[in-house]
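Inspection log for the structure reproduced underneath, given as structure tokens.
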Amino acid sequence: MVADFAAVLRIFVIALLFVLSACGGNGGFAPAVNPENAGYGLPAPLFNDAGTFFDVTGWNPFETVPVIYRDYGWLYLTEGHWENEITPKPWSAWWYPLRDKSLFHSKTTDLSPLQKYDSFVRAVYHTESEATKFEEEKIFNAKAQQWEGHCHAWAIASILIPEPKETITKAEISFNVVDQKALIIKSYEEFSANYYGQRYRPSSATAWSNIQPHFFHQFVMKELIEKGRPFVMNKVPGLEVWNVPVWKAVIDVKRDQNKPSVFHVATALVTTAALNEPIEAETLIGTNEVNVYTYDLFTVLDPKGGDLVIAGNWTEISKDLHPSILIKIDKQEIPHRSRNAEIKNAILRELLIGFK
């Protein structure tokens with residue numbers, strides 16, 4: 003019952019080092035260097051089994067500052083209700099599992115997205131292009147896990163790039179909505195962005211409870227509620243990785259009637275759901291998914307005033323089902339590229355409307 007509140011937040015700056023074959027992929031969000039350990043210095047356990055608050059006299063919460071607090075400031079709580087939603091909403095798309103052939107192989111008389119890309123390059127630039135061959139021989143993996151794919155690329159792209167809504171024709175080659183989204187998603191396989199949290203790995207010291215709920219709360223409040231910015235989250239804490247774009251948050255905070263230093267929180271995040279197949283339609287209409295997380299936040303009274311959050315604990319079903327990684331989208335453009343060396347962003351800018 004007693005939670006280990008000494009578990010810490012880790013943050014990494016993701017450079018263009020992604021060897022992701024991912025919805026999280028065979029490497030997921032593995033950092034290139036050892037993670038920073040933002041030690042919390044918190045006495046653990048903070049509560050005993052009876053729920054009695056331990057004496058924290060002499061403990062200085064400002065001695066070691068977690069990275070997320072350096073970025074956003076200290077977290078103070080008040081009771082209340084907050085919500086915000088972002089428009090336009092991120093768009094739906096097929097997330098192209100690594101063992102799926104539809105990027106380079108067509109089951110109909112129409113060409114696949116990469117076959118069309120190669121044809122366009124040859125017609126317009128009068129040079130050879132082998133994106134189709136590269137994808138089939140170097141990226142496609144018939145033995146990949148069911149969840150391995152491109153959901154990370156789709157989630158980022160659906161926030162940053164306007165949704166294609168009609169067929170475009172270039173060099174007498176027609177690219178329908180499915181084709182355009184496929185090329186956009188491929189171009190975001192590798193990207194540079196800041197993120198909080200760490201993917202769970204049984205062979206490492208990663209805590210299953212990562213990301214801690216007080217850091218999660220601070221991130222959602224600052225990014226979506228206050229700044230009005232959507233973000234990407236890996237919605238599960240386990241080995242699998244399922245990244246989704248988050249565009250709406252509803253947060254309720256209530257103080258415990260018997261323990262005034264404890265606040266009970268329910269946070270609902272609305273995401274755009276990935277499609278279950280590459281639908282052949284002009285406009286892909288996806289569905290929304292609501293993820294509700296519950297947690298308790300523990301506070302001490304700041305001598306200068308206010309309830310300062312010092313720890314948190316996932317509750318109810320959220321003990322086992324909660325986010326593990328939160329990716330901040332704080333720029334209109336971020337560095338990105340495809341793992342397919344034949345796919346060039348400069349060419350996609352000529353081909354696709356609104357591509358950056």
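Count along the sequence shown from 1, add 2, and you get the number used in our numbering.
Don't be surprised by glycine CBs; every beta carbon is placed ideally from N, CA and C.
Every value quoted in this text rests on a predicted model; they were computed, and no experiment measured them.
| Neighbour-count burial assignment, I355, 16 or more Cβ in a 10 Å radius | The residue is exposed, with fewer than 16 neighbouring Cβ atoms inside 10 Å.
| request: Please name the residue in E132, Y71, D120, F300 whose C-alpha comes closest to that of D309. | output: F300
| field | Three-state secondary structure (DSSP) of S176 | value | The answer is strand: DSSP assigns S176 an E or B state.
| query | For the 8 Å Cβ check, are there 3 or more pairs between the stretch 115–132 and the stretch 291–299? | reply | no
| request: Since I believe N347 is in contact with R339 (beta carbons under 8 Å), could you give me their beta-carbon distance rounded to a whole number of angstroms? | output: Between R339 and N347, the beta carbon gap of about 6 Å places them in contact (Cβ cut-off 8 Å).
| request: Rank K330, A95, T80 by C-alpha distance to the C-alpha of S160 and give the top, closest one. | output: A95
| said: Excluding the 5 residues flanking F357 on each side, which residues of the same chain have their C-beta closer than 7 Å to its C-beta? | reply: I163, I186, L350, R351
| field | 4-residue-minimum alpha helix (DSSP H) runs that sit fully inside the stretch 223–253, ordered along the chain | value | none
| Exposure of A343, with buried meaning 16 or more beta-carbon neighbours within 10 Å | exposed
| request: Please go through the same chain and pick out, in chain order, the residues whose beta-carbon is closer than 8 Å to the beta-carbon of A144, but skip the five residues on each side of it. | output: R101
| query | So, helix, strand or coil for Y297, using DSSP? | reply | Strand, per DSSP.
| query | What separation, rounded to the nearest whole angstrom, lies between the Cα atoms of T317 and H266? | reply | 9 Å
| Can you give the Cα-Cα distance for K333 and N260, rounded to whole angstroms? | Take the alpha-carbon of K333 and the one of N260: they are about 43 Å apart.
| request: Taking 8 Å as the threshold, find out whether the stretch 133–152 comes into contact with the stretch 170–180 through three or more Cβ pairs. | output: no
| If you count every other CB in all the chains shown that lies within 10 Å of the CB of P262, and 16 or more means buried, which is it? | By the beta-carbon neighbour count (other beta carbons within 10 angstroms, threshold 16), P262 is exposed.
| task | Give the DSSP-derived three-state secondary structure of R72 in the structure shown. | result | helix
| field | Through-space distance from I213 to N245, alpha-carbon basis | value | 14 Å
| Closest to S176 by CA distance: which of S320, L113, E242 is it? | L113
| query | Do three or more CB pairs link the stretch 107–123 to the stretch 149–158 at distances below 8 Å? | reply | no
| query | CA-CA distance, V272 and E85? | reply | 11 Å
| If you draw a straight line from the C-alpha of L77 to the C-alpha of E242, how long is it? | Each residue's Cα considered, the two are about 30 Å apart.
| Going by C-alpha distance, which of K109, A270, I312 is nearest N290? | Put simply, of K109, A270, I312 the residue whose alpha carbon is nearest the alpha carbon of N290 is A270.
| query | Is T274 closer than 7 Å to P90 when the C-beta atoms are compared? | reply | no
| How many angstroms separate the CA atom of L323 from the CA atom of N293? | 9 Å
| Length at least 4, wholly inside the stretch 297–358: the alpha helix (DSSP H) runs in chain order | 347–353
| Delimiting residues of the alpha helix (DSSP H) encompassing Y198 | Run containing Y198: none in the alpha helix (DSSP H); it sits in the beta strand (DSSP E), 195–199.
| How big is the Cα-Cα spacing for K359 and T80? | Absent from the structure is residue 359, since the part of the chain shown begins at 3 and ends at 358.
| Selected residue, minimal CA-CA separation from I2, among G75, Y71, I88, V69 | Lying outside 3 to 358, the shown extent of the chain, residue 2 is not represented and no answer is given.
| Which of the three DSSP states, helix, strand or coil, is assigned to W93? | Residue state, collapsed to three classes: coil.
| request: Output the boundary residues of the alpha helix (DSSP H) element that contains A155. | output: 153–162
| request: Below 6 Å CB to CB, which residues in the same chain sit around V252 once its five sequence neighbours on both sides are set aside? | output: E85, A270
| said: Just to confirm the assignment, what range does the alpha helix (DSSP H) spanning L116 have? | reply: 115–127
| field | P325 vs K229 beta-carbon contact at 7 Å | value | no
| said: Does A270 come out as helix, strand or coil in the three-state DSSP assignment? | reply: Here A270 sits in strand by DSSP.
| query | Quick one: what does DSSP say F14 is sitting in, helix, strand or coil? | reply | Since pLDDT at F14 reaches only 29, below the 50 mark, its modelled position is unreliable, and no value is offered.
| query | Looking only at its own chain, which residues have a Cβ that is under 6 Å from the Cβ of P99, when we skip the five neighbours before and after it? | reply | G151
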